[in-house]
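First up is the structure itself, then whatever we jot down about it.
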Amino acid sequence: MKPIFRNTYILLTVALTASFSGGCKKDFLNVNPPTQIPSELVWKDPALAQAFVTEIYNGLGNGGFSEQMLSSVSDESLFTHPNRGIDLINSGIINPTTLGWVDDTWAYSKMYNRIRSCNITIEKLTGTDNGISDQNVKDQLLGEAHFLRAYFYQQLLRFYGSVPLITKVYALNEDYAAKRATYEECVNFIIKDCDNAIKELSGKGVQKGRTSSLAAMALKSRVLLYAASDLHDANTAKSKSKTGVISGYAHPEYLGYVSGDRSQRWKLAQDAAKAVMDAGNGYKLNLSAPVSAQDGRNNYKSIAMGGESKAPGIDASANSELIFARYFIDRSDNRYGRANGPNGYHNWSGNTPIGLLVDDYEMVDGTKFSWTNSAQKAAPYQNRDPRFYATVLYDGAGWKPRDKVSGNVDPANQIQTGEYDLTQGSNVINFKGLDTRGSSIENWNGSWTGYYTQKFIDPDPAIVDASMPQFVPWPFFRYTEAVLNYIEASIELGQVDQAVLWLNRIRFRSGMPAVNMASQAEMRDIYRHERRIEMVYEEQRYHDARRWMIAEETLGRQTTYIKVNGKFKSGKSMSQPYHYDPSVYDYTYTPTTETAQENRLWAEKVYFRPFERDEVFKNKELIQNPGY
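Quick note, the sequence shown lines up with residues 501 to 1128 if you use the numbering used here.
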């Protein structure tokens, strides 16, 4: 574990500013550095203590809005730009010296640095060495610190398995060696922090972007759901281990429960989820029949916008769905649209949907889509689950005004990811769409998959993604996650009727028909599909495929792309500018398996991240994860 030192000064800014002594005047040496405040003063002033806790929130980063997204180490998307470490994870070749992509929001040492700040807060506010007399202020700050510590430990637990539980603030020259706690001990510790946060934050006003008692309840629900899952039940994990990496590990207690009643763990998960449902509101989950397809699309897009978009059709009241979110109220660095939007708009197309995801969207009548169905193959983007149209940009989909960034080359404002016939004088040429890697606007950033994401991109036509920020919040926790947690626990407890009731409420909101009562095994599959679609790009699938131990048959698949070709119908023609028109063109859609960008191969060891070699060297008690 990385050594932890006690600072003479507690910094209220993110960057460390070095203080210099020099000069000839003694009074100069007595001046505190302007960006630093002596630690003993911080805990005597509520405003300074609040500033210290506020800085801990920076450990959350921009949530899932990093340039490289967790969706691209799952079967949701492909990262367009190679050699950035994601490909190493997807090919299963990461190791303690070659970690591949590591995001600050779950990096081992980064999390412990933030945990240390939480420990300082808890130590100072529960001790006598502070001058804050207002108990409400103390409870608020303690509640936030307990929640944040629980969250950071949760990040470590779900990426690495169990970790050392550090609750003290280390001083210089202390022994920093610490053994890994068991998985069960880690869960219990996190739940205790959540319970403390629930108690301390109960009845407190909720400030936008800060945590609350409901957020602590939501975190508790997630942790208990994971604790009951296959990967974290030693007997189940052992039986599902295909290569022996998991089953042969000498310390199964670091990966999951080695004893106890699993049904009781499911009951705890169910109760925790129901507590969130009873305390929260959610958005339009009281319906008894499906809304229209258009309303379903708008409902889903409104949820993704978190109430922060001015686009037509977006319902600001959908912000009721958010329990805890990362807002971008006064910042201009959330460029999610630029990072992921189509290259024909001068964006970077960073994380693009893969065909495996697109093909999983049902038809609007609830039947499965299939390329073997000739009618569906001829028009694959018609009559699909309304959430598809709020999530994926596909060939011919309407999008923002292109003339704001690229001139009048596309008056129809449609996504172009195919190749099409065009007349040029007396000749017929092959025109590569404006959003392809052969684009006349910008070719190097084009999608390899033939799709682009739109779920979290603000559709407001006034926002030019290539040059303007957006203010869509990142949903760390939203109400529907708790509902899905409740459904999953209910299925595993054999309460299929409750699962069907709540699953249909989610589907009705999105414009999808009801599912019928089925066996436990069938309902498990139906639920897992629904969770995949509803929570796409919300950093769920990476963990779900692992905890269900279905990663080999899902994450291990080769990526599939779509190739679109438009040929003139007999007697028809079109000259530039091109636009999608099935009365002029016969369109063909060819799904293609591609390994040139990534050769995905599942390795059982990648159920858990490795501990970096330097961390093992620093902490001799830190036993490495299986397979590394």
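We treat Cβ as the ideally placed atom computed from N, Cα and C, and that holds for glycine.
query                                                                                                                                                                                 : result
Where do the N-terminal and C-terminal ends of the beta strand (DSSP E) with Phe824 fall, by residue?                                                                                 : Leu822 to Arg826
Report all residues from its chain with a CB closer than 7 Å to the CB of Ser802; omit the five preceding and five following residues, and keep chain order.                          : Ile814, Asp815 and Ala818
Is it buried or exposed for Gln794, if we count other Cβ within 10 angstroms and need 16 for buried?                                                                                  : exposed
So what's Gly559 in DSSP terms, helix, strand or just coil?                                                                                                                           : helix
Tell me the rounded alpha-carbon separation between Trp1002 and Leu719.                                                                                                               : 20 Å
Which whole-angstrom value describes the C-beta separation of Gly850 and His581, a residue pair presumed to lie in contact below a C-beta threshold of 8 Å?                           : 7 Å
Using 8 Å as the threshold, is the C-beta distance between Gln970 and Tyr845 below it?                                                                                                : no
What's the C-alpha gap between Gln1058 and Ile1050?                                                                                                                                   : 15 Å
Quick check on DSSP: helix, strand or coil for Pro1110?                                                                                                                               : coil
I'd like to check one pair, Ala1014 with Ile1026: are the Cβ atoms closer than 8 Å?                                                                                                   : no
Among all the DSSP beta bridges, which residues are the ones paired with Asp733?                                                                                                      : Tyr757
Helix or strand or just coil, what does DSSP make of Glu1034?                                                                                                                         : helix
Taking DSSP as the reference, what is the three-state secondary structure of Ser1129?                                                                                                 : Residue 1129 is absent from the structure shown; the chain starts at 501 and stops at 1128.
Fully enclosed by the segment 845 to 929, which beta strand (DSSP E) runs are 3 residues long or longer?                                                                              : 851 to 853 and 919 to 924
Does Phe1068 come out as helix, strand or coil in the three-state DSSP assignment?                                                                                                    : strand
Can you grab the Cα-Cα spacing for the pair Asn873 / Tyr1089, in whole Å?                                                                                                             : 13 Å
So, at 8 Å on beta carbons, what are the nonlocal neighbours of Gln924 in its own chain, with the 5 sequence-adjacent residues on each side left out?                                 : Ser1075 and Gln1076
Could you name each continuous beta strand (DSSP E) segment of 3 residues or more that falls completely within the segment 970 to 1032, going from the start of the chain to the end? : 974 to 978
Glu862: which of Arg649, Tyr881, Asn847 and Tyr683 sits nearest, CA to CA?                                                                                                            : Tyr881
Of the choices Pro538, Asp604 and Leu599, whose alpha-carbon is the least far from that of Asn558?                                                                                    : Asp604
Cα-Cα, which of Trp899, Thr554, Ala1021 and Leu934 is closest to Ile963?                                                                                                              : Trp899
Where does Lys1120 fall in DSSP's three states?                                                                                                                                       : coil
With a CB to CB cut of under 6 Å and the five nearest residues on each side skipped, what residues in its chain are close to Gly564?                                                  : Trp974 and Glu1039
Check this for me: beta carbons of Leu934 and Val909, under 8 Å apart or not?                                                                                                         : yes
Give me the Cα-Cα distance between Arg1047 and Asn945, rounded to the nearest whole angstrom.                                                                                         : 34 Å
Report the three-state DSSP secondary structure of Ile814 (helix, strand or coil).                                                                                                    : coil
Excluding five sequence neighbours on each side, which residues of the same chain lie with their C-beta closer than 8 Å to the C-beta of Ala737?                                      : Asp730, Leu731, Ile746, Ser747, Pro752, Leu755, Gly756 and Met1049
In chain order, what residues of the same chain lie with their CB nearer than 6 Å to the CB of Ala716, ignoring the 5 residues before and after it?                                   : Phe647, Cys694, Ala697 and Ile698
For Gln1124, which residues from the same chain have a beta carbon less than 8 Å from its beta carbon, with the 5 sequence-adjacent residues on both sides left out?                  : Pro596, Pro1110, Phe1111 and Val1116
Under three-state DSSP, which class holds Tyr1089?                                                                                                                                    : strand
What residue range is occupied by the uninterrupted beta strand (DSSP E) comprising Phe565?                                                                                           : Element bounds for Phe565: n/a, residue is neither H nor E.
If we ignore side chains and look at the alpha-carbon of each, how far apart do Tyr653 and Glu919 end up?                                                                             : 49 Å
Taking just the CA atoms, how far does Ile929 sit from Pro790?                                                                                                                        : 46 Å
DSSP on Asn583, reduced to helix/strand/coil?                                                                                                                                         : coil
Look up Pro538 in the DSSP assignment and say whether it is helix, strand or coil.                                                                                                    : strand
DSSP three-state label for Leu578, please.                                                                                                                                            : strand
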